[in-house]
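Inspection log for the structure reproduced underneath, given as structure tokens.
Numbering (UniProt numbering), first residue to last: 1 to 346.
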């Protein structure tokens with residue numbers, strides 16, 4: 001069987017001929033397949049010699065390097081910041097445009113909030129009304145402290161003082177922890193007793209029916225199983241104490257020698273939960289009362305020291321035991337020994 005061998009030197013494929021002739025296949029091998037330019041093939045607008053690589057977000061000008069970008073901004077005065085409020089047609093509106101609008105609104109809200117905060121920082125901490133209330137409270141032995149006007153408790157405080165009647169019209173808050181209810185009451189006269197204040201809430205017959213249903217536990221409880229507590233202000237967080245108030249006394253008497261922040265907040269508690277409201281000690285209560293007369297006591301002590309140091313016209317004095325009425329030690333003048341001898345001789 002004979003085989004025919006063809007010469008390979010003269011045979012050439014079509015692809016090889018295209019490569020040698022410099023056809024379109026040579027350009028395709030230079031560019032990697034699957035790549036896509038982000039911008040169109042154009043020269044740099046600034047130098048006009050290099051191929052563009054960047055595009056200005058503001059004016060869409062093409063540039064090739066950082067040097068050309070800076071020169072473009074200097075020559076044209078362009079800021080390089082994209083116009084977030086530019087018109088976008090509905091056909092070109094995509095997810096990126098939606099995200100841009102959302103961020104623009106967020107920045108606007110943040111800027112507006114920052115301007116209001118600056119005004120609040122410059123605002124005074126207390127108002128003229130607060131200073132007058134504090135002065136009126138001092139006359140009644142009530143220490144009033146006020147929060148900055150930006151606080152919620154300060155904004156909702158409606159307390160005012162009647163100068164002619166010389167009485168407070170309090171903004172009062174009542175908390176019933178066992179029922180999880182809170183009530184705020186305005187224009188409460190300080191001449192009312194706590195019993196009168198609680199009547200519209202927990203009285204079996206005179207209270208409001210809707211409120212009575214919410215506070216059923218308090219309405220059904222005996223009167224001696226209900227106590228009213230007031231938080232002692234000015235203490236550390238780990239040493240919270242309360243004052244127990246007499247419901248038969250007026251609001252003015254119960255708030256006397258107490259410290260309040262903005263307005264009174266009363267806790268109405270049943271007997272089972274009294275232990276959760278530790279009372280302020282009697283020594284601390286006495287010291288709070290004595291703080292109003294500290295200056296007078298200091299003057300009296302200085303006068304006593306002067307009288308002790310000054311010599312008596314009758315001679316030196318001898319001390320005896322303490323007096324059971326006044327609690328001070330009695331002094332009796334000591335007679336001169338020479339005078340005693342003269343008296344014996346006579």
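Note that the Cβ used here is the ideal one computed from N, Cα and C, for glycine as well.
Using a beta-carbon distance below 8 Å, is residue i in contact with chain B?
i	result
residue 280	Absent from the structure: chain B. Only one protein chain is present.
Using CA coordinates, which residue listed in the options is at the minimum distance from residue i?
i	options	result
residue 184	191, 211, 205	211
residue 117	245, 149, 163	149
residue 260	73, 85, 134, 81	134
residue 136	86, 243, 256	256
residue 152	129, 262, 77, 130	262
residue 222	232, 214, 203, 103	203
residue 281	235, 251, 90	235
residue 199	247, 168, 156	247
residue 350	100, 197, 129	There is no way to answer for residue 350, as the model of the chain reaches only from 1 to 346.
residue 126	101, 189, 154	154
residue 143	232, 50, 98	232
residue 165	189, 177, 179	189
residue 227	49, 239, 275, 163	275
residue 141	254, 278, 265	254
residue 224	113, 245, 94, 240	245
residue 239	207, 279, 265	279
residue 146	219, 128, 50	128
residue 132	105, 163, 104, 103	163
residue 230	176, 88, 220	176
DSSP three-state label for residue i, please.
i	result
residue 54	strand
residue 194	helix
residue 218	helix
residue 92	helix
residue 351	The chain is shown only over 1 to 346; residue 351 falls outside these bounds and no answer can be derived.
residue 104	helix
residue 157	coil
residue 271	helix
residue 110	helix
residue 258	strand
residue 143	strand
residue 223	helix
residue 60	coil
Between which two residues does the beta strand (DSSP E) containing residue i stretch?
i	result
residue 186	181-189
residue 203	No beta strand (DSSP E) holds residue 203; DSSP gives it neither H nor E.
residue 227	226-231
residue 279	Neither: residue 279 is in no beta strand (DSSP E) and is coded neither H nor E.
residue 175	167-176
By Cβ distance below 6 Å, which residues in the same chain neighbour residue i in space, the five residues on each side in sequence not counted?
i	result
residue 75	none
residue 159	170, 171, 263
residue 54	63
residue 107	none
Hey, quick one: how far does the alpha helix (DSSP H) through residue i stretch, first residue to last?
i	result
residue 211	209-214
residue 73	66-76
residue 133	128-139
residue 254	251-255
Run the CB neighbour count on residue i, radius 10 Å, all protein chains shown included, and call it buried at 16 or more, exposed below.
i	result
residue 273	exposed
residue 67	exposed
residue 84	exposed
residue 242	buried
residue 267	buried
residue 157	buried
residue 90	exposed
residue 97	exposed
residue 130	buried
residue 139	exposed
residue 258	buried
residue 52	buried
residue 205	exposed
residue 111	exposed
residue 93	exposed
residue 201	buried
Is residue i near the ligand ZN, going by C-beta to nearest heavy atom under 7 Å?
i	result
residue 161	The ligand ZN is not part of this structure, which contains no ligands at all.
Please return the same chain residues whose Cβ sits closer than 8 Å to the Cβ of residue i, not counting the five positions on each side in sequence.
i	result
residue 249	193, 194
residue 72	45, 46, 56, 61, 63, 78
residue 58	78, 79, 80, 81, 82, 83
residue 191	167, 250, 251, 252
residue 217	178, 179, 270
residue 42	51, 52, 62
residue 88	97
Excluding the 5 residues preceding and the 5 following residue i in the sequence, name in chain order all residues of the same chain whose CB lies nearer than 7 Å to its CB.
i	result
residue 181	214, 215
residue 187	169
residue 69	54, 63
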